[in-house]
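K.L.:
Once you've had a glance at the structure underneath, I'll fire off some questions.
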Amino acid sequence: MKNRTFLRRIIGAPYVLWAAIFIVIPLLIVVYYSFTGPDGSFTLDNMKNLSDYGQIFKISILYSIAATVISLILAYPFAYVMSRKKEKTQQIMMVLVMLPMWMSLLILTYSWMNILERQGIINTLLGKLGHAPLNLIGTPAAVIFGMVYNYIPYMILPIYSVMSKIDPSVLEAAEDLGSGSFSKLYRVILPLSMPGVVSGITMVFVPSVSTFYISQKLGDGKILLVGDVIERQIQAQNNYNMGAALSLVLMVLIVLSLALMKLFAGESDENLYV
Amino acid sequence: MNHEKNIIELKNITVRFDGETVLDNLNLTIRDGEFVTLLGSSGCGKTTTLRIIAGFLEPDEGEVFFDSKNMNGVPAHKREVNTIFQRYALFPHYNVYDNVAYGLKVRHVPKDEIRERVMEMLRLVNLEGFAKRSVAKLSGGQQQRVAIARALVLKPKVLLLDEPLSALDAKLRKDMQVELRNIQQATGITFIFVTHDQEEALSMSDTVVVMNEGRVQQIGAPEDIYNEPQNAFVADFIGESNILDGIMKEDFTAQFSGHTFRCVDRGFAPGEAVDIVVRPEDVDIVKPEDGMLKGTVTSVTFLGVHYEIIVDIGGFKWMIQTTDYAGVGETVGLSIDPDAIHVMKKSKYSGLYGDYSTFSDEMEEMNQMSEELAEEYAEELAAERTEEAGDGAEEAGK
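What follows is the structure, given as structure tokens:
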């Protein structure tokens, strides 16, 4: 047994090294920057200044929650329908879901900018129909839409993957025992698909709350999220210390919300993969 | 329970999947309180029949009646039948108690009554102490019992069982057979049991329905199915059979294997071509000069209770089960009593079954295939050799 642990350690060594160099050390650097000033001396100024950004944190979290909820509402029925289709149809639907993921997020977001702009495709069409142009870009709706559009595949895939593992005869058993569609959904499908929902929520919420590109382009510069502020501190103002402090707080918030999710889903998780 | 009443009637049911006919104009009547078994090999339509009764599948043609009420279009959750699924299909996110309580909760039965009925069911299936257990931690047999309790707690008029014992080991299976039979008799619920295991079908049922290719081949009590098979398929499928081509000379006289036998069948036209069934256990091995037929032993297998002896008579391999030993290569005589001979009308299955050169159709196909492959391989080898020889000749030419 001892030999085996030793062997495991040897095999695991490169990964431990990798994790140390590319995850742990950068994290420590972020912490270091957060608590130092531009001259490198220890200070709590960055932490004190954080209170200026309270509103931005609030907006970021609210928008991300909205995007996550909308994604969930759209993705859940889609994933269910997809998991009950024939194998071939499932594969086609899967490719359609994944297709946007193969394109750069930048290009996708630029395209949406083009579509939503004041002189964009939608408003040009409306103009030809004699309609006044709509304010689409630069609205919270546009930013939230951008998040949903970009991240919904990450909601669909985990839910679909859990749903396709539900034994069809278990669903038949529910019907057989007297469940109509709603009762079947609420008593069987929903609890059995909870793990997929939890990981979907995580995978949409985390990138949404830290995005800067989507809010920059579809917010038309009018909407600032935490990601934008961090980017500005580092790129425009060259203030790595403030940027690091903001990142650190964002990270802590994300970790806390993940822990909360885990706690919430912990019970239903247990004996799922029978 | 009223044995005279028909609880389920299937009339002219036809089902097609992707153009393939799975059930072909099937008619079946099931009486209240019966233990009926649908027996057949995979793809015969038995499970499809069950799914039509359960309401998971709508027939393309034909009608389903419960208690003389037409059930076409009534969804599964509104039918008074419950199903035991092949792999139990328990709810993995519920414990034993909640699994059994499921149907009662859906029906909004008061809590106290649910508790009472669930506990009573768990007692019936000997799982009293298991109420709070997770179903994932149960053995196959215990999961089976939960599935039975979950269905029976709803007091269905009909219980459908889709090969429920196939995942259990042989001994547990026998126990469960007895138990299911006891539960059926105690509750008086009509059981419709699907299996491919003929022994299971014979030992448990009041009525056996033998199915093949989407059609009913024979319906009857287990003894009748075994003793009076209607065609070569049934004779071969239920138990072991030597099935021979024969001619009915006149009533009580049949001719096969070059000998004329006395038998107990009648009602055939004089000289009519028929199929003859002789069960292996009904043949006695005697001295060559005392036998009605004479042949050479080609194989002997010891099976504990008896020997299984294959005897070649004019190219036809007979199977004989006997406690008398005969060695391979010996010439023996066979003696058959008149009541051991069963005469059947010719059917589309005539000539397909009943010779014991191989035991299974699959083996027969494999034998044929390997012969063909061997031939192909020999041809290939020959071709290669000629090529090589050709190359050699060319090189020599240079």
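First to last, the protein sequences are chains A and B. Per the working numbering, the very first residue in the first sequence carries number 4; after that it's consecutive. Per the working numbering, the very first residue in the second sequence carries number 718; after that it's consecutive. The C-beta atom is built at its ideal place from N, Cα and C for all residues, glycine as well.
1. By the 10 Å Cβ neighbour count, where 16 or more other Cβ atoms means buried, how is ALA866(B) classified, buried or exposed?
2. Counting only beta-carbon separations shorter than 8 angstroms, does PRO194(A) have a partner in chain B?
3. Evaluate THR765(B) with the Cβ neighbour count: other Cβ atoms within 10 Å of its Cβ, from every protein chain shown; 16 or more gives buried, anything less gives exposed.
4. Quick one: is THR800(B) near chain A, going by C-beta distance under 8 angstroms?
5. On the DSSP letters alone, give me the boundaries of the alpha helix (DSSP H) that LYS828(B) sits inside.
6. Using C-beta distances below 7 angstroms, list every residue in its chain close to GLU942(B), excluding the 5 sequence neighbours before and after it, in chain order.
7. Taking only three categories from DSSP, how would you classify PHE38(A)?
8. Taking 8 angstroms as the threshold (C-beta atoms), are ASP223(A) and ILE140(A) in contact?
9. For the stretch 800-830 of chain B, which residues have a beta carbon sitting closer than 7 angstroms to at least one beta carbon of chain A?
10. Counting along the chain, where does the beta strand (DSSP E) carrying PHE734(B) start and finish?
11. If you draw a straight line from the C-alpha of ASP879(B) to the C-alpha of LEU180(A), how long is it?
12. Among residues of its own chain, excluding the 5 on either side of GLU178(A), which ones have a beta-carbon nearer than 7 angstroms to its beta-carbon?
13. Does PHE734(B) get closer than 8 angstroms to chain A when you measure Cβ to Cβ?
14. Of all Cβ atoms in chain B, is any one closer than 8 angstroms to the Cβ of GLY199(A)?
15. What does a CB cutoff of less than 7 angstroms around PRO41(A) pick up in its chain, not counting 5 residues either side in sequence?
16. Taking 6 angstroms as the limit between beta carbons, can you name the residues of its chain near ASP1029(B), skipping five residues before and five after?
17. Please classify PRO29(A) as buried or exposed, where buried requires at least 16 neighbouring CB atoms within 10 angstroms.
18. What are the residues that DSSP puts in a beta bridge with MET1036(B)?
19. At which residues does the beta strand (DSSP E) containing MET101(A) begin and terminate?
20. Give the straight-line distance between the Cα atoms of SER63(A) and VAL209(A), rounded to the nearest whole angstrom.
21. Mind listing the chain A neighbours of ALA848(B)? Cutoff is C-beta to C-beta under 7 angstroms, in chain order.
22. Express the C-alpha separation of ALA1099(B) and THR1075(B) in angstroms, rounding to a whole number.
23. By Cβ distance, which residues of its chain are closer than 7 angstroms to MET838(B), with the 5 residues on each side in sequence left out?
24. Leaving out five residues before and five after PHE267(A) in sequence, what residues of the same chain have Cβ atoms less than 6 angstroms from its Cβ?
25. How many angstroms separate the CA atom of ASN742(B) from the CA atom of LYS874(B)?
26. Among all the DSSP beta bridges, which residues are the ones paired with ASP1001(B)?
27. For SER851(B), does the three-state DSSP call read helix, strand or coil?
28. Judging by CA-CA distance, which residue of ILE237(A), VAL212(A), ILE217(A) is the nearest neighbour of VAL258(A)?
29. Can you tell me whether ARG796(B) is buried or exposed, with buried defined as 16 or more other CB within 10 angstroms of its CB?
30. Return the CA-CA distance between GLU234(A) and PHE215(A), expressed in angstroms with no decimal places.
31. Rounded to a whole number of angstroms, what is the C-alpha to C-alpha distance between LEU275(A) and VAL200(A)?
32. I'd like to know if LEU1098(B) contacts chain A, where contact means its C-beta is closer than 8 angstroms to some C-beta of that chain.
33. Starting from the beta carbon of VAL173(A), find every residue of chain B whose beta carbon is closer than 8 angstroms, and list them in chain order.
34. Around the C-beta of TRP21(A), are 16 or more other C-beta atoms found within 10 angstroms, so that it is buried, or is it exposed?
35. Can you check whether the CB of ILE831(B) is closer than 8 angstroms to the CB of LEU821(B)?
36. Please decide whether LEU275(A) counts as near chain B, where near means a Cβ-Cβ distance under 8 angstroms.
P.N.:
Put simply:
1. buried
2. yes
3. buried
4. yes
5. 828-841
6. Residue identity check: residue 942(B) is Ile in the sequence provided, not Glu. Only VAL925, VAL927, GLN935, VAL951, ILE955 meet the Cβ criterion.
7. coil
8. yes
9. THR800, PHE802, ARG804, ALA806, PHE808, PRO809, HIS810, TYR819, GLY820, VAL823, ARG824
10. 723-734
11. 15 angstroms
12. LYS187
13. no
14. no
15. ASN244
16. GLY1012, THR1013, THR1015
17. exposed
18. ILE1027(B)
19. Premise fails: MET101(A) lies in the alpha helix (DSSP H), 90-101, not in any beta strand (DSSP E).
20. 11 angstroms
21. In chain order: nothing, as chain A lies at least about 16 angstroms away.
22. 31 angstroms
23. VAL817, ALA866, LEU869, VAL870
24. none
25. 25 angstroms
26. SER1052(B)
27. strand
28. VAL212(A)
29. buried
30. 7 angstroms
31. The predicted position of LEU275(A) is uncertain, since its pLDDT is 40 and thus under 50; a value taken from the coordinates is nonetheless stated next. The straight-line gap from Cα to Cα measures roughly 14 angstroms.
32. no
33. ALA806, LEU807, PHE808, PRO809
34. exposed
35. yes
36. For LEU275(A), the predicted structure reports a pLDDT of 40, less than 50, and the residue's modelled location is therefore unreliable. The matter cannot be settled from this model.
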